[in-house]
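Structure first, then comments.
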Amino acid sequence: MKKYMLSVALSLLFLCSCNKFLELSPAHQISENNFYKTTEDFENALVGVYASFRDVFTREIFYIAELTTDNAEVSISSSSVAEMEFDEMNLTPSNTIVQGFWTKVLFTIARTNILLQRLENSDLNTEIKARIAGEARFIRAYSYFLMVQVFGRSPITREEFRSPEDIAKADLSLKPAEEVYEEIVNDLIEAEQLLVDNGHTDKGKVALGTVKALLGKVYLTHNQHADALKVLKELTEMDKYGLQPEYQTLFKPGNSNLDESLFELQFISGFNQGNEYSVLFTPASTGLLANNQQGSGRITPSLDLMEAYEAGDKRKTASVGDTIRPNGVKEYSRHGLKFVDLTAENPRDGAVNFTLIRYADVLLMYAEALNETDNTGEALKYLNRIRFRADLEDLEITDQELMRNAIAQERRIEFAFEGHRWFDLRRTGKTQQVINAFFAGKGLNFTVEDDELVFPIPRREIDINPELGR
Amino acid sequence: MKKIVFLINCKLVLYGLFCNSLIYAQRAPVAVPISGKVVNQQNSALEGVSISVKNRSVSTKTDASGIFSLNVRGAEDVLVFTSLGYESVEVQVGEKRAFNVMLTSKATTLDDVVVIGYGETTRRDVTGSVGSVNMKDLAQAPVKSFDEALAGRIAGVTVTANDGQPGSNTNIVIRGSGSITQNTAPLYVVDGFPLEDANSNSINPGDIASIEILKDASATAIYGARGANGVIIITTKKGVAGKPVVGYNAYAGFAENPKPLELMKAYEFVKYQYELEPQFTTDYYLATRTLESYRDEPSLDLQDQIYKQAFVHNHELSLRGGSNGTTYSLSGNLLKNNGLVTNSGFDRKQLRFQFDQQLGKKLKVGTIANYSANKTYGIIVGEPSMRITYSGLSLLASVWGFRPVKGLNESLLEDLFDPTAPENDFRVNPILSTENELRETFANTLTLNGYGEYSFSPNLIFRSSAAYTNVMVRQDMFFNSLTANGNIRRNEGVNGSIAFRPRTTWVNENILTYKKSFKQGHTLNAVGGYSLQQYDSGDYGFQGLNILNESLGIDGLDEAGTNVGFSSSSRWSLMSFLGRFNYGYKNKYRLTSSFRYDGSSKFAPGNRWAFFPSAAFAWTVSEENFLRDVSFLHNAKIRMSYGLTGNNRVSDFPYITQLSVPRFGGYSFNNAAPTRGALLLQYGNPDLTWETTEQSNIGLDLSFFEGKVELVADVYRRNTKDLLLDASLPYATGLTSSATNLATAYKNIGELRNQGLELTLNTINVERDRFKWSTNFNISFNQNKIIALNENQNALLSPVAFDTDFRNVFPYISVVGGPLAQMYGLAWDGVYQYDDFDQVLGNYVLKDHITTNGQPRANIQPGDIKYKDINGDLEVNEMDFTIIGRGLPIHTGGFTNRFDYNGFDLNIFFQWSYGNDILNANRLIFEGNAKRQRSLNQYASYVDRWTPENPSNEMFRTGGQRDTYYSSRIVEDGSFLRLKTVSLGYTFQDQVLSRLKVSSLRVYAAAQNLHTWTSYSGSNPEVSVRHSALTPGFDFSAYPLARTITFGLTTTF
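Chains A and B, in that order, give the protein sequences. Add 85 to a position in the first sequence, counting from 1, and you land on the number used in my numbering. Add 6 to a position in the second sequence, counting from 1, and you land on the number used in my numbering.
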């Protein structure tokens, strides 16, 4: 019986220490309890934000901004249903590409939310705090800008969720465009104040000029032409950026830290951080890429685009091609050349940076803002600066409407395959007119209906979050 | 188990007899009067016992007080005492004249020992619902692990294989899925120690003495937080006191693919390609020859090359015995199962040792050690890794899709890539790739158990035990440039990795048992104790990408362009207090109550501890006086139980939000080597706790005609509340996990109900001297119903990652009020015919009142696939989705027949599943080519597709499906009846044995999966690739189930 008592006593002993026995921690993972403490933690979190922002521009954006328009078409018969829907402008809520875009953008927003909120409660050095916050706010603003342009509205979240109850309480309903624009402008003005005018030598990072450029674009898109004019003027007066002398250097390997760039999304091969543009923009036949490889034939230039170039435009050969040489024999097959590296060993792991904002865009936006504020004469100067680099004659335009058309045409050519076209058409209200004409020109029955100007909210999202259906 | 009981009986018989061993003198026959009394074990007089004299016609019976008298001829006469239901006893008369004889009841299955949690009982005494596997039947199946032979053996236990891959998982579900998104696997208790992973491959089925399945809450509540999915108790063989017995068992045989699929031949293929892409096909196949000429062209079918007749063999050697309080057992096993598919298989080397020693009268100690080294190798056919979501990357997709014919100047079989395949077609030459891939998983499992048992008195025993299990998994992979994963088109280039995944568990249990029988028929059995368990797991290794010199193979990993290391670890601990109280009265009434109080590290402080009680009552009606006289009724017992059990199968730290800094989640500034960024890895929920299952059970055990007919029936209802649901979060929260690309977090939400009926019938149909025939039949019905889901949610849609184009269409739905995992999609309505169109200017225009099929109206042509328009808007889209199939069977079961004749034995086992459907996704790709891929061969069934001349309503025209919908077209009845195991053996008689100098010898032939009756068109209806409780019965590129035929012998020396 003594031994029996002993074991009872032992059990009691264990009882006392049991809570300690059950106290384990996930030693190998960083948990929120031991992260967000040092400057390094926040820098790492910021890198995470950049990384997910970059992922938005790897694939989906070209379906949304190029394939939908008169710039591009699918050139392979076995494209997926999602791709066909883009090509035919007949998007459904189960479109995988739209959902991919929705997910990536909102993921980026959530990451910036967490970072910004944690940053606010940290005791980091004020200067570092301001810089990180400024960069993060830019990325959040850009993300919301994408949401509102693509979906016409967006859920707005600013805070980190700490538990499923937080989510249940949160208002995740779709907010109208006005509210989203307000959010974007707030973030950008805040970022403008947080960031100091540094040298902007690393174009992979957001700087003050980047913020001003985006603010200009947001104002322009939101029809605040005077505000756009003001901020773009400030940007040109910063005198930090200029046009590359040779247009083609913008899109070739080694295009890093160019004078013209305001923001380059950095790609690098060998680290799973390369881009797939070399297969995305090329046709599904051999002869173009190295190692006898084929492209995807997913987003290839339309004949309409090929024919939109004026004779002698130096930009054409840098942007698009139409012959390939399998077995030494020329074959007609259109393909994109921007950010494409035809010599790459592995075309799915491209190292050409993607220039998200460049100075040519700033100049053409400035021209647009001038023209819209009834200063067509001044606008012409900036338009012609762009044409000059392309080896094209100066234009002589005094009529505001003609100027609008000229800027639109110039933007189409200058930024073909850079993810601008759909947004430019939407901003200038020409989407249906241009795209319907394009379909008709190809003898196709497809049209862009009024309700197709904003993309459908992904079906899975509505299933989970009925608030979005409202 | 029977054997042991029998031995005990013998002892009791001897105890009650006066045994004489004298030499008798020869005498003239004179009538000698003898008399005596016959009693039973309880010392009560037995009436009607017949006493006869052997080889003579004299006999008598006992009277009401058990007294008899008889005249015999002398000392050499032998008295035979027989009574129905008792073991007969023979006594030599000798010099005695008075005989007091005790008869013991015949050992029936009611006396079989049943192992339960923290104790043992008998079939007669068990109060809960516990199924015992007939190990003799199970041993007939030539399989590597017990789980492969378990299906259909026990009512209420469904065992399904994902597919036929050697070494792949089986899913064991007891009484229906009790969880929605979490693991529904039972808890395993091996030689007393609870394990959440079965490690079933590390146990040689030949070493298993018994398998018990605990099903109701009364039986499982003592396993508390891990009992809700049921418990499988495995007890291994121990040595028995007696002379050492050496056993050797071996079999060898072959496995083959019973059903390759029929594919299009050369002519049909080219004809189809022409319809799909006329220009390309003309250039490529018809430039120099006509279509007709392909009729004589030999056709390639890679199934001939990828499937091999595979050799399997198995050897077991054992030594068991014991004496003077010592028992021991030593056994070893060598097994090799080659796979059907080239370069795949499973090997095992295993050694097991058991030793028990009595030290003095009160102390007993013992130990068991098991070591097994397993190797699983070869391409994973059914379940490629997560990131491979292109259907073309699956092995069989490359095999079936492989062109049956070459183009000009092509060497199709020597090249890795099909030169006609575009960039996003990831198919490669499957033969080359399979031959060049290196995928080896080594699992070395060491299990050590030890215990000490101290008897304070015969009634009070304390047992302290400890167990340690270490599983070291090493996974080697190497993909050279001739493989699907390592070729020049992959970002990773030639790549490989070595990963170590150690898993360690230790358990300490301290149990006090008190047993006592009181006067007036009261019995008491109480168990109490506590247990500690900890589990540690790790994942360490490194990967080499873009390896420069592939000829070095896996040894060249260090010379890679990029080396990536990875390391992580995790752990959980569990502390428990448990108890059971068992009270019986006169074998009539039995009451059991048990509890367990569990604390787990998996939940946040405050939510850690939970209490799981249960109670059961059993009433043996046949012991009541009013049934005593019903002579055909042998035993009748009613069982009732109720209790709570839990399920804690979540990740180890689901309450903590975790981040990671992954190697590839970074961003490069200034094109320098990338800086790594922190990503959200897991979103925690601090309020999380157990899911709780409330189960009630009513059972009936009936036995007739001295146990020749036995019926066990159980009805149950299990309600699972606070389900641990890996609930989907809105993407708007941005909480997308980097691993799955889905936004989810664990919540305790939802409710699920399983209810069902289980019937088992055991009969001995014929029992004669030379011929015996017995059968076992069992059938289980389970109904599964979702009571509630996430807030506001009335359905849960579940995706299956099989192809990226289909990833947004979810083919399974779980609706509140309905069962889990119904198949969901469009109702297929055949093919559009000419009648559906108006002819306008030579074009076919779909009539206005006819629905579209999801394509723009203008694009639809005769011969296209047609779906039902459910909501009546004349457009087919997601709004027309409906339930198109059931994922779960209506009933499952098994039927065993055993025949013994003159040394021959024949065992025939059937297993079935009825009422479940299969989503045959193979047909999306290979019967109609939904992705319209170039150069992709099709099943032969698609030859009969719609053409203007052949207006088929079954097969749409070439290119006639352009959507990514799942529809009822590809849902097939998955019911099957399988002749699963047949074995025919011959046991040699003693005369032969003595000449051979062996003590027993049986030779046999056995076959596994001999034949399947099913209407399913795929190769195997027992299929569930990418299996989860939410997505059962999905078939795509599944490893076929092998038919195995073996020849073997079992011998002891």
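We put the beta carbon where it would ideally sit given N, CA and C, even for glycine. All figures in this text were calculated on a predicted structure; none of them were measured in a lab.
- Inter-segment contact for the segment 81-100 of chain B and the segment 47-59 of chain B is present: three or more beta-carbon pairs are separated by less than 8 Å.
- Burial is judged here by how many other beta carbons sit within 10 angstroms of a residue's own beta carbon; M885 (chain B) has fewer than 16 and is exposed.
- Out of B:L983, B:Y838 and B:Y972, the CA that lies nearest to the CA of G966 (chain B) is found in B:Y838.
- Taking every protein chain shown into account, the CB of A624 (chain B) has 16 or more other CB atoms within 10 angstroms, so this residue is buried.
- Restricted to the segment 72-160 of chain B, the beta strand (DSSP E) segments that are unbroken, complete and at least 3 residues in length are 73-78, 84-88, 95-98, 104-108, 119-122, 125-128 and 136-138, listed in chain order.
- From the listed residues A:L448, A:N530 and A:N198, the smallest Cα separation to A864 (chain B) is found for A:N530.
- Non-local beta-carbon contacts of T651 (chain B) in its own chain, meaning distances under 6 Å to residues more than five positions away in sequence, involve A223, T226, A227, G233, A234, F618 and T699 in chain order.
- Leaving aside the five residues that flank V846 (chain B) on each side, none in its chain has a CB nearer than 7 Å to its CB.
- Taking C-beta separations shorter than 8 Å and ignoring five residues to either side along the sequence, the partners of Q995 (chain B) in its chain run G909, following chain order.
- Apart from the 5 residues on each side of it in sequence, R1049 (chain B) sits with its Cβ closer than 6 Å to the Cβ of E262, P264 and N1015 in its chain, given in chain order.
- Segment contact: the segment 333-351 of chain B against the segment 440-452 of chain B, three or more CB-CB distances shorter than 8 Å; contact assigned.
- A Cβ of chain B is located within less than 8 Å of the beta carbon of R139 (chain A).
- Going by DSSP, N908 (chain B) is part of no alpha helix (DSSP H) at all; its letter is neither H nor E.
- For the options A:D256, A:D282 and A:S239, the alpha carbon positioned closest to that of E267 (chain A) is the one of A:S239.
- Taking C-beta atoms as the reference points, A226 (chain A) and L299 (chain A) count as a pair closer than 8 Å.
- F336 (chain A) has its alpha-carbon roughly 32 Å from the corresponding atom of F127 (chain A).
- At least one CB atom of chain A sits nearer than 8 Å to the CB of R495 (chain B).
- Taking the CA atoms as reference points, S958 (chain B) sits about 27 Å from L292 (chain B).
- A residue is called buried when at least 16 other Cβ atoms come within 10 angstroms of its Cβ; Y648 (chain B) meets this threshold and is buried.
- Annotation for G605 (chain B): the continuous beta strand (DSSP E) segment containing it runs Y595 to S606.
- In terms of beta-carbon proximity, Q664 (chain B) lines the interface with chain A, with at least one pair separated by less than 8 Å.
- Residue environment analysis places G212 (chain B) among the buried positions, since at least 16 neighbouring C-beta atoms fall within 10 angstroms of its C-beta.
- Distance from R596 (chain B) to D131 (chain B) at the Cβ level is roughly 6 Å; contact confirmed, criterion being Cβ atoms closer than 8 Å.
- Distance from the CA of R433 (chain A) to the CA of G359 (chain A), rounded to the nearest whole angstrom, comes to 7 Å.
- Here DSSP, grouped into helix, strand and coil, assigns D426 (chain A) to coil.
- Taking 8 Å as the threshold, the shortest C-beta distance from W512 (chain B) to chain A does not fall below it.
- Put simply, the backbone Cα of N877 (chain B) is about 41 Å away from that of Q917 (chain B).
- The alpha helix (DSSP H) runs of length 4 or more contained entirely in the segment 124-194 of chain A are, from start to end of the chain, 124-140 and 166-172.
- Legend: CB atoms of the segment 164-195 of chain A lying less than 8 Å from CB atoms of chain B belong to residues S165, V166, A167, M169, E173, N175, T177, P178, S179, N180, T181, Q184, W187, T188, L191, F192, T193, I194 and A195.
- The shortest CA-to-CA distance from L269 (chain B) to any of B:N654, B:N255 and B:L308 is the one to B:L308.
- Interface annotation, M483 (chain B): not in contact with chain A, CB-CB separation never under 8 Å.
- In this structure, G182 (chain B) sits away from N883 (chain B), with a CB-CB distance that is not shorter than 8 Å.
- Inter-residue distance for D282 (chain A) and L293 (chain A) is about 6 Å (C-alpha atoms, whole angstroms).
- Looking from the CA of A473 (chain B), the closest CA among B:N516, B:G384 and B:S503 belongs to B:N516.
- Cβ neighbours of N320 (chain B) within its own chain (closer than 6 Å, five residues either side excluded): Y257 and L341.
- Considering only A:E546, A:F540 and A:L427, the residue with the shortest C-alpha distance to Y148 (chain A) is A:F540.
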